[in-house]
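The structure appears below as structure tokens.
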Amino acid sequence: MVYEANARVRDPVYGCVGAISSLQQQIDVLQAQLALAQAEVVHMRMRQFSSTATNSPENASPSSKHITQSQTRSLFTMDMEANLGESLWSC
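Structure (structure tokens):
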């Protein structure tokens, strides 16, 4: 009851339901980010597997390694940079 009373002070209309809803939305966003990161890991492993199957590491030039590394910037990292200003716990 104390939590609900404090939540009603912050949000007189929704109370703790508003906080729960906000937390659920954050969970949904984090689950989507996790799924994206997991898919990216699988994609990168498949790319690494296919490149090691066709080329030996000794044959790759340093410039091609640099290009590959710059092209594989994480989508997850870019998404997190876009959300740096947002607090995870704001109500």
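The sequence shown begins at 11 in the numbering used here and counts up by one.
Where is the CB? At the ideal position from N, CA and C, for every residue including glycine.
S31 and L40 have their C-alpha atoms roughly 14 Å apart. In the three-state reduction of the DSSP assignment, D38 falls in the helix class.
Just so you know, the alpha carbons of S60 and H53 end up roughly 11 Å apart. Per DSSP, reduced to three states, the secondary structure at G28 is helical.
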